[in-house]
Amino acid sequence: MLTITWQEEIASLKQDLRNEINKISGHSEINIPNHICINNLKSKLERLDEIEKILSIEKYKIAFIGTIGQGKTTAICHLFNLISDFNVSKTIANKPRNVIETKELLSTGAGKTTICEVIIKSAEKTYIEIYSRKLYENKKQWCFDIIGNQSN
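Residue numbers 10 to 161, in my numbering, belong to the letters of the sequence shown in order.
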């Protein structure tokens with residue numbers, strides 16, 4: 010199976026955009042629709058450059074801040090693929106049916122699920138480190154530690 014890296018995919022897309030820009034620019038007459046099309050393609054090329062810069066960063070610190078029950082834990086689970094499919098038997102129209110349901114690996118519920126720092130790291134073995142909120146009693150200090158410290 011051939012595996013294409015994101016770098017190769019972006020390089021290919023950028024080359025396709027450049028080729029299309031050159032093709033449209035090569036016409037003897039540049040009319041308004043062509044001008045609009047060229048500018049649009051150039052903006053897509055610039056956006057790919059931005060995406061390439063973002064994807065080249067190896068490590069991020071992300072803080073999910075919001076009120077209780079707004080879906081922060083659910084967002085974390087879906088963003089980092091911390092979900093699992095499982096088969097369940099349900100009665101639908103008075104008939105038993107096997108259906109597949111999705112469950113988040115971090116428990117979710119009526120809020121106050123992840124009042125702690127959740128660290129998700131890549132490693133040989135998959136695991137999640139959860140630090141007690143007691144380490145961050147002062148919310149301002151916690152926000153500074155998570156958002157203000159860009160060295161990690």
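For glycine and all other residues, C-beta sits at the position ideal for the given N, C-alpha and C.
All of these numbers come straight from a predicted model, not from anything done at the bench.
Residue range of the alpha helix (DSSP H) that residue i falls in?
i: Lys32; result: 15 to 34
i: Glu61; result: 41 to 64
Pick helix, strand or coil for residue i, following the three-state DSSP scheme.
i: Ile85; result: helix
i: Thr76; result: coil
i: Ser160; result: Its pLDDT being 48, under 50, Ser160 is placed unreliably by the model, and nothing is read from it.
i: Tyr145; result: Unreliable placement is indicated for Tyr145, whose pLDDT of 47 sits below 50; the coordinate value is still reported in the next sentence. In this structure, Tyr145 counts as helix in the three-state DSSP scheme.
Over what stretch of residues does the beta strand (DSSP E) that includes residue i continue unbroken?
i: Thr100; result: 92 to 101
i: Ile109; result: 104 to 113
Flag residue i as yes when its Cβ comes closer than 8 Å to any non-hydrogen atom of the ligand SAH, and as no otherwise.
i: Ile33; result: As far as ligands go, the structure on display features none, and thus does not contain the ligand SAH.
Assuming residue i and residue j are in contact, meaning their beta carbons sit under 8 Å apart, how far apart are those beta carbons, in whole angstroms?
i: Asn40; j: Ile33; result: Not a contact, Cβ separation roughly 10 Å.
i: Lys112; j: Phe89; result: No, Lys112 and Phe89 are not in contact; Cβ-Cβ is about 15 Å, not under 8 Å.
i: Leu26; j: Leu64; result: Between Leu64 and Leu26 the Cβ distance is about 17 Å, and since that is not below 8 Å, they are no contact.
i: Leu50; j: Glu29; result: 6 Å
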